[in-house]
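Number of protein chains: 2
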Amino acid sequence: MSSTTPLRSLNINNINPHVKEAKYAVRGELAVRSEEYRAQLAKGPSNLPFDKIISANIGNPQQLDQKPITFFRQVLSLLENPLLLESEDVLVKHLGYKSDVIERAKWLLKTVGSVGAYSASAGAPGIKESVAKFIEARDGHSADPKDIYLSAGASSGVNTLLHIICASPQTGVLVPIPQYPLYTASLSVLNAKCVPYYLDEAKNWGTDLEAIKGAYKHAVSDGTDVRAIVIINPGNPTGASLSADDVKAVIEFAAQEKLVIMADEVYQTNVFKGKFHSFKGVLREMQKADAEKYKYVELASLHSVSKGMVGECGHRGGYFELCGFDLEVQDQIYKFVSISLCAPVIGQCLVEMMVNPPKEGQPSYELYKQEYDGIFAGLQKRATALYEAFKDMEGVKCGEPQGSMYLFPTITLPPKAIEAAKKEDRSPDEFYTFRLLDATGVCVVAGSGFGQKEGELHFRTTFLAPGTEWVGQISKFHKEFMEEFR
Amino acid sequence: MSSTTPLRSLNINNINPHVKEAKYAVRGELAVRSEEYRAQLAKGPSNLPFDKIISANIGNPQQLDQKPITFFRQVLSLLENPLLLESEDVLVKHLGYKSDVIERAKWLLKTVGSVGAYSASAGAPGIKESVAKFIEARDGHSADPKDIYLSAGASSGVNTLLHIICASPQTGVLVPIPQYPLYTASLSVLNAKCVPYYLDEAKNWGTDLEAIKGAYKHAVSDGTDVRAIVIINPGNPTGASLSADDVKAVIEFAAQEKLVIMADEVYQTNVFKGKFHSFKGVLREMQKADAEKYKYVELASLHSVSKGMVGECGHRGGYFELCGFDLEVQDQIYKFVSISLCAPVIGQCLVEMMVNPPKEGQPSYELYKQEYDGIFAGLQKRATALYEAFKDMEGVKCGEPQGSMYLFPTITLPPKAIEAAKKEDRSPDEFYTFRLLDATGVCVVAGSGFGQKEGELHFRTTFLAPGTEWVGQISKFHKEFMEEFR
Numbered sequence: 001m002s003s004t005t006p007l008r009s010l011n012i013n014n015i016n017p018h019v020k021e022a023k024y025a026v027r028g029e030l031a032v033r034s035e036e037y038r039a040q041l042a043k044g045p046s047n048l049p050f051d052k053i054i055s056a057n058i059g060n061p062q063q064l065d066q067k068p069i070t071f072f073r074q075v076l077s078l079l080e081n082p083l084l085l086e087s088e089d090v091l092v093k094h095l096g097y098k099s100d101v102i103e104r105a106k107w108l109l110k111t112v113g114s115v116g117a118y119s120a121s122a123g124a125p126g127i128k129e130s131v132a133k134f135i136e137a138r139d140g141h142s143a144d145p146k147d148i149y150l151s152a153g154a155s156s157g158v159n160t161l162l163h164i165i166c167a168s169p170q171t172g173v174l175v176p177i178p179q180y181p182l183y184t185a186s187l188s189v190l191n192a193k194c195v196p197y198y199l200d201e202a203k204n205w206g207t208d209l210e211a212i213k214g215a216y217k218h219a220v221s222d223g224t225d226v227r228a229i230v231i232i233n234p235g236n237p238t239g240a241s242l243s244a245d246d247v248k249a250v251i252e253f254a255a256q257e258k259l260v261i262m263a264d265e266v267y268q269t270n271v272f273k274g275k276f277h278s279f280k281g282v283l284r285e286m287q288k289a290d291a292e293k294y295k296y297v298e299l300a301s302l303h304s305v306s307k308g309m310v311g312e313c314g315h316r317g318g319y320f321e322l323c324g325f326d327l328e329v330q331d332q333i334y335k336f337v338s339i340s341l342c343a344p345v346i347g348q349c350l351v352e353m354m355v356n357p358p359k360e361g362q363p364s365y366e367l368y369k370q371e372y373d374g375i376f377a378g379l380q381k382r383a384t385a386l387y388e389a390f391k392d393m394e395g396v397k398c399g400e401p402q403g404s405m406y407l408f409p410t411i412t413l414p415p416k417a418i419e420a421a422k423k424e425d426r427s428p429d430e431f432y433t434f435r436l437l438d439a440t441g442v443c444v445v446a447g448s449g450f451g452q453k454e455g456e457l458h459f460r461t462t463f464l465a466p467g468t469e470w471v472g473q474i475s476k477f478h479k480e481f482m483e484e485f486r
Numbered sequence: 001m002s003s004t005t006p007l008r009s010l011n012i013n014n015i016n017p018h019v020k021e022a023k024y025a026v027r028g029e030l031a032v033r034s035e036e037y038r039a040q041l042a043k044g045p046s047n048l049p050f051d052k053i054i055s056a057n058i059g060n061p062q063q064l065d066q067k068p069i070t071f072f073r074q075v076l077s078l079l080e081n082p083l084l085l086e087s088e089d090v091l092v093k094h095l096g097y098k099s100d101v102i103e104r105a106k107w108l109l110k111t112v113g114s115v116g117a118y119s120a121s122a123g124a125p126g127i128k129e130s131v132a133k134f135i136e137a138r139d140g141h142s143a144d145p146k147d148i149y150l151s152a153g154a155s156s157g158v159n160t161l162l163h164i165i166c167a168s169p170q171t172g173v174l175v176p177i178p179q180y181p182l183y184t185a186s187l188s189v190l191n192a193k194c195v196p197y198y199l200d201e202a203k204n205w206g207t208d209l210e211a212i213k214g215a216y217k218h219a220v221s222d223g224t225d226v227r228a229i230v231i232i233n234p235g236n237p238t239g240a241s242l243s244a245d246d247v248k249a250v251i252e253f254a255a256q257e258k259l260v261i262m263a264d265e266v267y268q269t270n271v272f273k274g275k276f277h278s279f280k281g282v283l284r285e286m287q288k289a290d291a292e293k294y295k296y297v298e299l300a301s302l303h304s305v306s307k308g309m310v311g312e313c314g315h316r317g318g319y320f321e322l323c324g325f326d327l328e329v330q331d332q333i334y335k336f337v338s339i340s341l342c343a344p345v346i347g348q349c350l351v352e353m354m355v356n357p358p359k360e361g362q363p364s365y366e367l368y369k370q371e372y373d374g375i376f377a378g379l380q381k382r383a384t385a386l387y388e389a390f391k392d393m394e395g396v397k398c399g400e401p402q403g404s405m406y407l408f409p410t411i412t413l414p415p416k417a418i419e420a421a422k423k424e425d426r427s428p429d430e431f432y433t434f435r436l437l438d439a440t441g442v443c444v445v446a447g448s449g450f451g452q453k454e455g456e457l458h459f460r461t462t463f464l465a466p467g468t469e470w471v472g473q474i475s476k477f478h479k480e481f482m483e484e485f486r
C-alpha cells in the first residue's frame, strides 16, 4: 500500500481492478530481473556467475541469432527512402539489389502511397488482396480481401476480436491450458471469463475433445455465456502441431454449440513433424461436404510477421481473416479498428512480402530460399539439441519437438525444493526459474505463467538462442539444484 | 437486425454493447463513401461531378502534399537494411548520405539491436534517454527516462492511460468539447463516463475555467467519480493554442480536485500564433514556486511522430511522459503495455530522430532546416488561404488560424436545409458535409463528430491538401447550397 494514497487521484487500490488482475509472466518479474542483470553486465565486470543473459523467455528471434531475410529488408529500405529509386543503377551495380526488389518496392509504394501516411483502417487494399491470394493458394479455397484486417501483430488482432466478443462479465471464452497468457490477460482486462480446457500432455499436448466438452458444460451450468474457443496451432507454449482430425473435431464442436473459433496460427510455418492444417482450409472442406451444417461457422484466423522464418516481431505486422461473421458485426469490427487508425504501414508491407515472397525463377529467389531454409534447419537443430539435453536430465520429461519455437518440459522437483519455494512465497516452478536465472543467466518462463494442471510443473524455453553452450549450463544447473534439494 | 441472428454466436444485439456505443466519425460513413468515390475514380471515367477526392477529414500529411524529412528516411533505410552500412563509400559518394546519417543509423542499431526484434515493453532504453533530453531542453527542467513510455502513436498512449484510470462505470474523465473523438470513443469502450466541458469559441476556443468547474461540480453531484481531465493543446479540432495562464489555471484546478491531467500535445510544433507552453514546463515552474502544493500533481503528456513537420502517421510512433504518478500505478502501466509487447521499433527510432534532429553545424542540418521550415510555411500559407475563403462565405465564421492542422468554422444554415437534413435523418452539419462531398469530392468532418453546443453547427477541415483550387470548390458549393435552401 502506497503511503501517498490520499494525495493523488490514482493509487493501487482505486485504478482499474481488471488491469490489476491481469497476469503476464512472459515479461514479468523474472524478465525484469534478467534485464537488470543484462544492464549490470553491460557496465563491465560484475559479481554475477555468468557473463551473458540468454533470453529464452520470449520468442524474439532477431534479438538472438536469427538474421532478417535480405529480400524483405532491401525492399523496406526503399520504402523508407523512395529517393533511392532515383539511383537504380547504383542499387543494382554497387549494392546488389535485384530487379525484383526494385519492382516490389515500386509496387508497394504505389499501393500505400507513403509508408508515413495512414492507410485505410483495416489495411491497404492492395496488401489485403495479396493476403487473400496467399490464403487461396495455401488452402485451395477462395478468400475475400474484404474479410481481411491487417493488424499490429497478432496480439492486436486478438485484442480487437475479444473486445467485440466480450459483452458482459458472464461472457466466457474457452482457452487452452497451458496457453500464451495474452488470452487470459486480455480476458481479465475485459472483465470476461476464461473457460480453461486442458490440453492432453500424454498426446503430445493435442486437443482433447472430451476436455473441451467438459469445460464447456461446466461453464454453461455455472451460468457462463460461452461464445468462443481459442486454439493455438502450432501450440504456444506447448509446440504441439494438430492433426486434421483434431482441427475437424474442434470445428464440429464449435458448429454444434455456435462458438466463434479464434485460430491463432502464427506458428504455421514452424512445423517440424507432419503438416500444418489451417482451420480455414479444413472448414471449407467440411462445408463442401455439408454446406448447410457448417454454413454459419464463425472463424477468425490470425497470422503474424513475428514468428516463422520471418521473425520480424519489432515491426508489429499481422492480419486476421474472418469467415462466416455477420456483416453488422464486421461493421463494428471496422469501427473498432478505425479508432486506433491503422496498423503500422511498414509492418503491413512486411505482411505483403511474407505472403508473397520471391518465386522460383525470380532474381531474389535463390538467396531467399537459402536464408529461409537455413533458418528452418537451424531452429530444428537447436530444438533437437535441447530436447536431447532434457531427455538426460533427472526428473525432466519432454515430448519430441513438433512445431512453434518452444519446448515445454515437465519437471518433477524434490519435496525440499517445494518447501523452499513456499518459504519464498513462490510456486515451485517459479522458484526453479529464478534459481536458473541467478545461476546461469538463462531466462525461461515458469509453467504457472501459462497455466498447468494442479500439482504439475513445467517451464517454457524458446530454442532460438545460438550455440549449445547454454543448454549445457541448464543441465549443469539442474543437476546441482537436484543435489541441493534431494 | 440481421436475418441470421439465431444462427451464429455473434450478432449486432449480443456483442459488446460498449463497442457499439462508441462513435468515431473521422473514419465513419462519410469517409467510407469518399473512399468508394476514390475507388470509382481510379477505375476510369465516372459520372461523378469531380475528378479527385480531397481527404480533408483526417490529419494525414503524407497522403497529401507533405514530403517526409530526408534525414529521417535516410536513417530509416539503413535501419531496415543494415547491410548497406558495409558500403559506406557508395552511400556517401553515389547516394548523398551524409556522415551524420550513417552515424545516427549505427547508434540506433546499437541501441535497438535489430528493428525486427521486440524492444523492452516501454521502449528501447537509449531512445527513452533521448526523449528525456529533449523534454529537458524544451522545458528547462529535468526528465527521467524511466517515466517515459514509447507507444504506437499517441492514440495507443491514450488507450493505456484510460485503461488504468477507468475503474468502474462511475469513473468520469473531463473531456473538452469539441474534441478529437478518440477520447469519447475510448471512454465508451471502457464503459466510463465522459464529463464534457465546453471550450470558449468567443475566446478562440480557449479553455474556460468556469466551464470546467461547472462541468466537474455537476458530474460530482450526479455521483460521478471524476479522476482526470483531458486537454488537447494545440487543439483538435479547434486549432486553439493555449496561453501559459490557461495552462496554469488547469493545473491549479487539477491540483485542487486531485485530477490526473492528460495533456495531448501532439501538435506542439504546429503553432502559428504565440508560443507552445507545455504542461510539464508550466507544472515544474509552479512546483518551483510552491513545492508542497503541487507535489502530487499527476500529469501524463503525450506526443507523436504523426503530426508537426514530421507527419509520419503511418509509422505509429509516439510517447507519453508521467509526472507525479504513484510507483505502484506505474508498475501496472508497465504490465499493461507489456501485454501488447512493444511499440513498433521503427516508429520508436523515428521518435528518437524527431526529438533529436540534426543540429546546426552537422552535415544534414541545412537540408533538414530547409525542409522543416518549408513544411511549416506551407501549412501556414494554406491555413491562411482557407481562413480568407471562409471569411467571404455567407453564414460562415472562423477564428484566425493559431495552431494544429485544422480549422473549425461555425456555419449557419437556412431553416430549409435543417428540414431537409431531418428528412434524411441526419444532423444539419452532417447533411452539409455529405452534400459537400457529393458535389466536390472534398471530405471534411461534421462538427457533431467532435461535439458542439446544442443548436450550433461546424465542420472540421485540415489545411493539408495542396493548392487552393479545392478551397474555391468549397466556396462555390457553399454559395449554391445557400441558394438552394434559402
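Chains as they are written, first to last, in UniProt numbering: chain A, 1 to 486; chain U, 1 to 486.
For each residue, glycine too, the CB sits at the ideal point set by N, CA and C.
Since the structure is predicted, the reported quantities are computational estimates derived from the model, not experimental observations.
- For the 7 Å CB-CB criterion, S142 of chain U and Q62 of chain A do not form a contact.
- Beyond the five residues adjoining it in sequence on each side, E88 of chain U comes within less than 7 Å, by CB distance, of I102 in the same chain, given in chain order.
- In the DSSP assignment, Y149 of chain A forms a beta bridge with A:F320.
- The beta-carbon distance between N270 of chain A and P234 of chain A, rounded to whole angstroms, is 6 Å. This is short enough to meet the 8 Å contact definition.
- D290 of chain A is not bridged by DSSP to any residue.
- One thing to note: N14 of chain U has its Cβ within 7 Å of the Cβ of A167 of chain A.
- Distances from the alpha-carbon of F481 of chain U to those of U:V396, U:F408, U:A291 put U:V396 closest.
- In this structure, A:I135 is the residue among A:L407, A:L299, A:C313, A:I135 with its C-alpha nearest to the C-alpha of P145 of chain A.
- Following the DSSP letters along the chain, one finds S77 of chain U inside the alpha helix (DSSP H) bounded by residues 70–80.
- Within chain A, the residues whose beta carbon sits less than 9 Å from that of F325 of chain U are R8, L10, listed in sequence order.
- Per DSSP, the beta-bridge partners of P196 of chain U are U:V175.
- Partner residues in the beta bridge of L407 of chain A, as assigned by DSSP, are A:T461.
- With contacts defined as CB atoms closer than 7 Å, I127 of chain U and Q348 of chain U qualify as a contacting pair.
- Exclusion of the five residues before and after R316 of chain U leaves A152, G153, P344, G347 as the residues of its chain whose Cβ lies within less than 6 Å of its Cβ.
- The residue among A:S121, A:V173, A:Q170, A:S155 with its C-alpha nearest the C-alpha of I148 of chain A is A:S121.
- Residue contact check for N57 of chain A against chain U: no CB pair falls below 7 Å.
- Taking 7 Å as the CB threshold, R227 of chain U lines the interface with chain A.
- C313 of chain U belongs to the set of residues whose beta carbon lies under 7 Å from a beta carbon in chain A.
- Distance check between F431 of chain U and each of U:H478, U:Y334, U:P82, U:A132 places U:H478 closest, using alpha-carbon atoms only.
- Residues of chain A whose Cβ lies closer than 8 Å to the Cβ of Y180 of chain U do not exist; the shortest such Cβ separation is about 11 Å.
- A direct Cα-to-Cα measurement between E21 of chain A and S188 of chain A gives close to 6 Å.
- At a Cβ-Cβ threshold of 7 Å, Y368 of chain U and F50 of chain U do not count as neighbours.
- Rounded to whole angstroms, the gap between the alpha carbons of F376 of chain A and V310 of chain A is 10 Å.
- Leaving aside the five residues that flank K416 of chain A on each side, the residues in its chain whose CB is nearer than 6 Å to its CB run, in chain order, F485.
- If you check the CB distance, T160 of chain A and V337 of chain A come in under 7 Å.
- For a Cβ distance threshold of 7 Å, residue set V19 of chain U lies close to F336 of chain A, ordered along the chain.
- Here DSSP, grouped into helix, strand and coil, assigns D65 of chain U to coil.
- In the DSSP assignment, L413 of chain A falls outside any beta strand (DSSP E) and carries neither an H nor an E.
- Contact note: Y24 of chain A reaches chain U through K335, S338, I339, using a C-beta cutoff of 8 Å and chain order.
- Under the criterion of beta carbons closer than 8 Å, A465 of chain A and L79 of chain A do not qualify as touching, at roughly 31 Å.
- Below the 8 Å Cβ cutoff, chain A contributes A152, G314, H315, R316, P344, I346, G347 as neighbours of P344 of chain U, in chain order.
- In this structure, U:Q330 is the residue among U:Q330, U:E419, U:V442 with its C-alpha nearest to the C-alpha of H163 of chain U.
- Two segments are said to touch when three or more pairs of C-beta atoms, one from each, lie closer than 8 Å; by this definition the segment 289–304 of chain U does not touch the segment 420–440 of chain U.
- A distance below 7 Å separates the beta carbons of V442 of chain A and I474 of chain A.
- For V282 of chain U, the CB contacts under 8 Å within the same chain, skipping 5 residues up- and downstream, are A244, V247, K248, I251 in chain order.
- At a cut-off of 7 Å between beta carbons, E400 of chain U makes no contact with chain A.
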